[in-house]
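Here is the structure we will look at.
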Amino acid sequence: MHEMSLAQSLLDLAVKHAQGQPIQALRVRVGALSGVVGDSLAFCFDFVSKGTLAEGARLILEPVPVPLRCRACRAATTTARHADLPGYEAVSLALEEGCPICGGKALDVVGGADFQLVEIEVKDG
Numbered sequence: 001m002h003e004m005s006l007a008q009s010l011l012d013l014a015v016k017h018a019q020g021q022p023i024q025a026l027r028v029r030v031g032a033l034s035g036v037v038g039d040s041l042a043f044c045f046d047f048v049s050k051g052t053l054a055e056g057a058r059l060i061l062e063p064v065p066v067p068l069r070c071r072a073c074r075a076a077t078t079t080a081r082h083a084d085l086p087g088y089e090a091v092s093l094a095l096e097e098g099c100p101i102c103g104g105k106a107l108d109v110v111g112g113a114d115f116q117l118v119e120i121e122v123k124d125g
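Using my numbering, read the sequence shown as starting at 1 and increasing by one per residue.
Okay, here's the thing in structure tokens:
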């Protein structure tokens, strides 16, 4: 379960930047192809944060669609229109549908494994 090591890394980074202030929330961007299971990450974060500045903090996961680029017209698109599907299924469907601009069927996956801590909310005082 790599969520445990990810949770520990998030905690370490947040505590480092919190400057001794209690942490109320962390906002994390999670790519659809990152392999991160949100519920598992939240469980692991609750576990590793016990007794720290982040104990009880909310973990806000922000899903990031997979970016795609058409080989024919170079148009950029994403799997956002299939956000209700798991990452790999959304990619498969988007590749099957092709480019929304030119209709080309050759699309490249150009990202999707994002995992980024983007905001730390601390308690004022």
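Beta carbons: idealized from backbone N, C-alpha and C, even for Gly.
Counted within 10 angstroms of its Cβ, other Cβ atoms place ALA83 as buried (16 or more) or exposed: Classified as exposed, ALA83 has fewer than 16 neighbouring CB atoms from the shown chains inside 10 Å of its CB.
Secondary structure of ARG81, DSSP reduced to three states: Under the three-state reduction of DSSP output, ARG81 falls in the helix class.
Selection from ILE23, ILE60 and CYS73 that minimises the alpha carbon distance to LEU41: The shortest C-alpha to C-alpha distance from LEU41 to any of ILE23, ILE60 and CYS73 is the one to ILE60.
Rounded straight-line distance, which links the Cα of VAL30 to that of VAL66: VAL66 and VAL30: Cα-Cα distance of roughly 10 Å.
Where CYS99 falls: helix, strand or coil (DSSP): DSSP, read as helix, strand or coil, puts CYS99 in coil.
8 Å Cβ cutoff met for ALA106 and ALA76: No, these two residues do not count as a Cβ contact at 8 Å.
Classification of PHE45 by the beta-carbon crowding that lies within 10 angstroms, buried from 16 upward: Around the beta carbon of PHE45, 16 or more other beta carbons lie within 10 angstroms, which makes this residue buried.
Nearest-angstrom Cα separation, counted from ALA94 out to GLU55: Across the structure, GLU55 and ALA94 are spaced so that their CA atoms are roughly 40 Å apart.
Sub-8 Å separation of GLN21 and VAL118 beta-carbons: Against a cut-off of 8 Å, the Cβ pair of VAL118 and GLN21 comes out as no contact.
Within 8 Å, strictly: CB atoms of THR52 and VAL15: Going by C-beta atoms, THR52 is nearer than 8 Å to VAL15.
Backbone secondary structure at VAL26 - three-state DSSP: Correcting the residue identity first, residue 26 is Leu in this sequence and not Val. When DSSP states are grouped into helix, strand and coil, LEU26 belongs to the strand group.
Residue environment, LEU13, which counts as buried when at least 16 other CB atoms sit within 10 Å: By the C-beta density criterion, LEU13 is exposed, having fewer than 16 other C-beta atoms within 10 angstroms.
Start and end residues, alpha helix (DSSP H) containing ASP108: Counting along the chain, no alpha helix (DSSP H) covers ASP108; the unbroken beta strand (DSSP E) around it starts and ends at 107 to 109.
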